[in-house]
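K.L.:
Residue numbers (our numbering): 109 to 485. Each residue gets a CB set at the ideal place from its N, CA and C atoms; glycine is no exception. One structure follows; several queries about it will come next.
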Amino acid sequence: MTKAGVIPIYRARIAAGEIEYDPAQAAAAERLQDLWAKLRGYNPLPSRPANGWVGRLLHRKQVDELEDHPNGLYLVGEVGRGKSMLMDLFFEAADVPRKRRIHFHEFMQEAHRRFHQIKRDNPGISDPIPPLADMIASEAALLCFDEFQVHDIVDAMILGRLFEALFARLVVVVATSNTTPNDLYKGKPGRDAFLPFISLLKKHLDVLVLEAARDYRRERMQGLKAWYVPANRQADEELDHVFNRLTADATVHSSSLDIAGRKLIVPLTANGCARFDFSALCGVPLGPGDYLALATHYPIILIDGIPRLSPDNFDEARRFVTLIDALYEHRVKLYATAAALPDDLYRSGEGAKIFERTASRLEEMQSEEYLALRHLT
Ligand SMILES: Nc1ncnc2c1ncn2[C@@H]1O[C@H](COP(=O)(O)OP(=O)(O)OP(=O)(O)O)[C@@H](O)[C@H]1O
Ligand SMILES: [Mg+2]
Numbered sequence: 109m110t111k112a113g114v115i116p117i118y119r120a121r122i123a124a125g126e127i128e129y130d131p132a133q134a135a136a137a138e139r140l141q142d143l144w145a146k147l148r149g150y151n152p153l154p155s156r157p158a159n160g161w162v163g164r165l166l167h168r169k170q171v172d173e174l175e176d177h178p179n180g181l182y183l184v185g186e187v188g189r190g191k192s193m194l195m196d197l198f199f200e201a202a203d204v205p206r207k208r209r210i211h212f213h214e215f216m217q218e219a220h221r222r223f224h225q226i227k228r229d230n231p232g233i234s235d236p237i238p239p240l241a242d243m244i245a246s247e248a249a250l251l252c253f254d255e256f257q258v259h260d261i262v263d264a265m266i267l268g269r270l271f272e273a274l275f276a277r278l279v280v281v282v283a284t285s286n287t288t289p290n291d292l293y294k295g296k297p298g299r300d301a302f303l304p305f306i307s308l309l310k311k312h313l314d315v316l317v318l319e320a321a322r323d324y325r326r327e328r329m330q331g332l333k334a335w336y337v338p339a340n341r342q343a344d345e346e347l348d349h350v351f352n353r354l355t356a357d358a359t360v361h362s363s364s365l366d367i368a369g370r371k372l373i374v375p376l377t378a379n380g381c382a383r384f385d386f387s388a389l390c391g392v393p394l395g396p397g398d399y400l401a402l403a404t405h406y407p408i409i410l411i412d413g414i415p416r417l418s419p420d421n422f423d424e425a426r427r428f429v430t431l432i433d434a435l436y437e438h439r440v441k442l443y444a445t446a447a448a449l450p451d452d453l454y455r456s457g458e459g460a461k462i463f464e465r466t467a468s469r470l471e472e473m474q475s476e477e478y479l480a481l482r483h484l485t
């Protein structure tokens, strides 16, 4: 946390050569700086009205005092424009004691899980939303959502009431998205019932279109080879170089994905890149749900040490096939060190036929055309 705000960090990164100056990003950074200033020390009591008239009165007073609590910000734009980079910078700088940054999809999964938990723990409860909102608001007065989007009718159904309750608890929301609020959940069943949520979102979040000139992610990937063979020390170093280049301006950290209440550890991540050892991905009993979560979450995945596969390590090979299907279907960009080129990865025998498709996908995933495709979340 810093007392100085967004702009000094943004400028320092430019000065250090970590990022290039971009006028649209600079304008967005100014907007984030304004919000940063308004939110200094922001720490509303998250409670809903206490029982009794004194409690209600006190709460009303507090809400009134905070009536002008600032709108959040909805950063929307094409891929690779720096939305997540700017939001992360803002989050890091935010001088807010209770703050949380989370991928929106994970937030919703957690919300559904808690919703059902509250129902289980309180049989007969008529509405789990208020206690759920209390829980979320007590953890964070500032919520930063990466990749805000709504595909799922189950999400669409709870979002309106949940966010209304969160805003009533003075939670401020900052989000990044590829979709403008007006286009959220467009053309999906039950859209009409979803429209009030869009109005609510626009009431509490200012929409800022980030029209940065370039797809910086794509640029960073330019000229990087995808497949390093054989997986020797030199290949390791080359993959290190790829990872460093893609994450140069960020702090690499470990993270975890929440998959149906389980945690999948992501040992190294930054800037939407995640790096794994082959054995951590395919040598342990992970399944399609885990690979799907990875594929939707990370636009770029690096894998160290893909070995030759054969009927002798069939489980690993099978998982690898499932993993590559998920990555391919979601247009994830893959960088790897491997014992052999895709066509030679699988030694003949049972399963070789299935592996042909994987090899062909791996080949395609190295092509310029594939690398230019948009990540599907
Ligand atoms: N001005 C810049 N100069 C250099 N690199 C940049 C700049 N802006 C962003 N980047 C880098 O480009 C990559 C993509 O940025 P970021 O992840 O923030 O894009 P995004 O808008 O969130 O994309 P998406 O919509 O796919 O989530 C990151 O590695 C980021 O650090
Ligand atoms: Mg992003």
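1. Between the region 452 to 459 and the region 421 to 436, can you find at least three pairs of beta-carbon atoms closer than 8 Å?
2. Anything with a beta carbon under 7 Å from a heavy atom of ligand 2 counts; list them all in chain order.
3. Which residue or residues does DSSP assign as beta-bridge partners of residue 341?
4. Do the CB positions of residue 87 and residue 350 come within less than 8 Å of each other?
5. Going along the chain, which residues of its own chain have a beta-carbon closer than 6 Å to the beta-carbon of residue 239, five neighbours each way excluded?
6. On the three-state DSSP scale, how would you describe residue 414?
7. For the beta strand (DSSP E) containing residue 363, list its first residue and its last residue.
8. Could you spell out where the alpha helix (DSSP H) holding residue 310 opens and where it closes?
9. Looking at the structure shown, is residue 259 part of a helix, part of a strand, or coil, going by DSSP?
10. Taking the C-alpha atoms as reference points, what is the distance between residue 318 and residue 465?
11. Does the region 241 to 254 come into contact with the region 383 to 396, if we say contact requires no fewer than three beta-carbon pairs (one atom in each stretch) closer than 8 Å?
12. In this structure, how does DSSP classify residue 409 when only helix, strand and coil are distinguished?
13. Does the region 269 to 284 come into contact with the region 192 to 207, if we say contact requires no fewer than three beta-carbon pairs (one atom in each stretch) closer than 8 Å?
14. Using three-state DSSP, classify residue 441 as helix, strand or coil.
15. Starting from the Cα of residue 325, find the closest Cα among 228, 210, 188 and give me that residue.
16. Say yes only if the C-beta of residue 421 is nearer than 7 Å to one or more non-hydrogen atoms of ligand 1, and no if none qualify.
17. Give a yes or no on whether the C-beta atoms belonging to residue 453 and residue 444 are separated by under 8 Å.
18. Is it buried or exposed, residue 113, if we count other Cβ atoms within 10 angstroms and call 16 or more buried?
19. Using 8 Å as the threshold, is the C-beta distance between residue 371 and residue 362 below it?
20. Considering residue 221, what are the terminal residues of the alpha helix (DSSP H) in which it resides?
21. Can you list, in chain order, the residues of its chain with a C-beta nearer than 6 Å to that of residue 133? Leave out the 5 residues immediately preceding and following it.
22. Let me know if residue 277 comes out buried or exposed under the rule of 16 or more other beta-carbons within 10 Å of its beta-carbon.
23. Can you say whether residue 262 is buried or exposed, counting buried as having 16 or more other CB atoms within 10 angstroms of its CB?
24. Is it buried or exposed, residue 406, if we count other Cβ atoms within 10 angstroms and call 16 or more buried?
25. Let me make sure I understand the geometry here. Which of 368, 311, 346 has the alpha-carbon closest to that of residue 224?
26. Quick check on residue 228: buried or exposed, where buried means 16 or more other Cβ atoms within 10 Å of its Cβ?
27. At the level of alpha carbons, what is the spacing between residue 287 and residue 480?
28. May I ask which residues mark the beginning and end of the alpha helix (DSSP H) holding residue 181?
29. Take residue 440 and list the residues in its own chain whose beta-carbon comes closer than 6 Å to its own, dropping the five residues that flank it on each side.
30. Please specify which runs of the beta strand (DSSP E), each continuous and at least 3 residues long, are wholly inside the region 420 to 475, giving them in chain order.
31. In whole angstroms, what separates the C-alpha of residue 333 from that of residue 373?
32. Please find out if some non-hydrogen atom of ligand 1 comes closer than 7 Å to the beta-carbon of residue 179.
33. Using only alpha-carbon positions, find the residue among 312, 146, 358, 435 that is nearest to residue 179.
34. Could you tell me the distance, in whole angstroms, from the CA atom of residue 110 to the CA atom of residue 378?
35. Within its chain, find whatever has a CB closer than 6 Å to the CB of residue 302; leave out the 5 residues flanking it on each side and keep chain order.
36. Going by DSSP in three states, residue 267 sits in which element: helix, strand or coil?
P.N.:
Working from what's here:
1. Per the Cβ contact rule, the region 421 to 436 is in contact with the region 452 to 459 (3 or more Cβ pairs under 8 Å).
2. My final list is 191, 192, 254, 255, 284, 380.
3. Residue 341 sits at position 233 when you count from the first residue of the sequence shown. Paired residue(s): none; residue 341 is not in a bridge.
4. Limits of the chain in this structure are 109 at one end and 485 at the other, which puts residue 87 out of reach.
5. The residue given as residue 239 occupies position 131 in the sequence shown. Within the same chain, Cβ atoms closer than 6 Å to the Cβ of residue 239 are found at 226, the five residues on either side in sequence being excluded.
6. The residue you call residue 414 lines up with position 306 of the sequence shown. The three-state secondary structure of residue 414, taken from DSSP, is strand.
7. In the sequence shown, counting from the first residue as 1, residue 363 sits at position 255. First-last of the beta strand (DSSP E) with residue 363: 361 to 367.
8. Position 202 of the sequence shown, counting from 1, holds the residue named residue 310. Here the alpha helix (DSSP H) through residue 310 covers 299 to 312.
9. Reading the sequence shown from its first residue, position 151 is the one you call residue 259. Of the three classes helix, strand and coil, the one that applies to residue 259 here is coil, per DSSP.
10. As a working mapping, residue 318 is identified with position 210 in the sequence shown. As a working mapping, residue 465 is identified with position 357 in the sequence shown. Near 39 Å, if we compare the C-alpha coordinates of residue 465 and residue 318.
11. Taking 8 Å as the limit for Cβ pairs, the verdict is that the region 383 to 396 does not touch the region 241 to 254.
12. Start at 1 with the first residue of the sequence shown, and residue 409 comes out as number 301. Three-state result, residue 409: strand.
13. Yes, they touch.
14. Taking the sequence shown and counting its residues from 1, one reaches residue 441 at position 333. DSSP places residue 441 in strand when its eight states are reduced to three.
15. In the sequence shown, counting from the first residue as 1, residue 325 sits at position 217. With distances taken between Cα atoms, residue 325 lies closest to 188.
16. Stepping through the sequence shown from its first residue, residue 421 is reached at position 313. The nearest non-hydrogen atom of ligand 1 is 7 Å or more from the C-beta of residue 421.
17. For the purposes of this step, residue 453 is taken as residue 345 along the sequence shown, with counting starting at 1. For the purposes of this step, residue 444 is taken as residue 336 along the sequence shown, with counting starting at 1. Taking 8 Å as the cut-off, the beta carbon of residue 453 is found no closer than this to the beta carbon of residue 444.
18. For this step, residue 113 is matched to residue 5 along the sequence shown. Burial state of residue 113 is buried, judged by a 10 Å Cβ sphere holding 16 or more other Cβ atoms.
19. As a position in the sequence shown, residue 371 is number 263, starting the count at 1. As a position in the sequence shown, residue 362 is number 254, starting the count at 1. Going by C-beta atoms, residue 371 is not nearer than 8 Å to residue 362.
20. Position 113 of the sequence shown, counted from the start, is the residue given in the question as residue 221. Element bounds for residue 221: 212 to 229.
21. Residue mapping note: residue 133 aligns to position 25 of the sequence shown, counting from 1. The beta carbon of residue 133 is closer than 6 Å to those of 190, 320 in its chain, skipping five residues each way along the sequence.
22. The residue labelled residue 277 in the question sits at position 169 within the sequence shown. Note on residue 277: 16 or more other CB atoms within 10 angstroms of its CB, so buried under the neighbour-count rule.
23. Along the sequence shown, one-based indexing puts residue 262 at 154. Exposed, since its Cβ has fewer than 16 Cβ neighbours within 10 Å.
24. Within the sequence shown, the letter at position 298 stands for residue 406. Residue 406 counts as buried, since at least 16 other C-beta atoms from the protein chains shown sit within 10 angstroms of its C-beta.
25. The count along the sequence shown starts at 1 and reaches residue 224 at position 116. With distances taken between CA atoms, residue 224 lies nearest to 368 out of 368, 311, 346.
26. Here the question's residue 228 lines up with position 120 in the sequence shown. Its Cβ having fewer than 16 others within 10 Å, residue 228 is exposed.
27. Here residue 287 refers to the residue found at position 179 when the sequence shown is read from its first residue. Here residue 480 refers to the residue found at position 372 when the sequence shown is read from its first residue. Each residue's Cα considered, the two are about 19 Å apart.
28. In the sequence shown, the residue the question calls residue 181 occupies position 73. For residue 181, there is no enclosing alpha helix (DSSP H); the residue is found in the beta strand (DSSP E) stretching over 180 to 184.
29. Counted from its first residue, the sequence shown places residue 440 at position 332. Around residue 440: 403, 409.
30. Complete beta strand (DSSP E) runs here, min 3: 441 to 446.
31. If you number the sequence shown from 1, residue 333 lands on position 225. If you number the sequence shown from 1, residue 373 lands on position 265. In this structure, the CA atom of residue 333 is about 26 Å from the CA atom of residue 373.
32. Translated into the one-based positions of the sequence shown, residue 179 becomes position 71. Flag unset: Cβ of residue 179 not near ligand 1.
33. Along the sequence shown, one-based indexing puts residue 179 at 71. Cα-wise, what sits closest to residue 179 is 312.
34. Your numbering for residue 110 matches position 2 in the sequence shown. Your numbering for residue 378 matches position 270 in the sequence shown. Note that residue 110 scores a pLDDT of 48, beneath 50, so its modelled location is shaky; the value from the coordinates is reported in the next line. If I take the Cα positions, the gap works out to 20 Å.
35. Here residue 302 corresponds to residue number 194 of the sequence shown, with the count starting at 1. So the list reads 264, 293, once near-sequence residues are dropped.
36. Taking the first residue of the sequence shown as position 1, residue 267 is located at position 159. The answer is helix: DSSP assigns residue 267 an H, G or I state.
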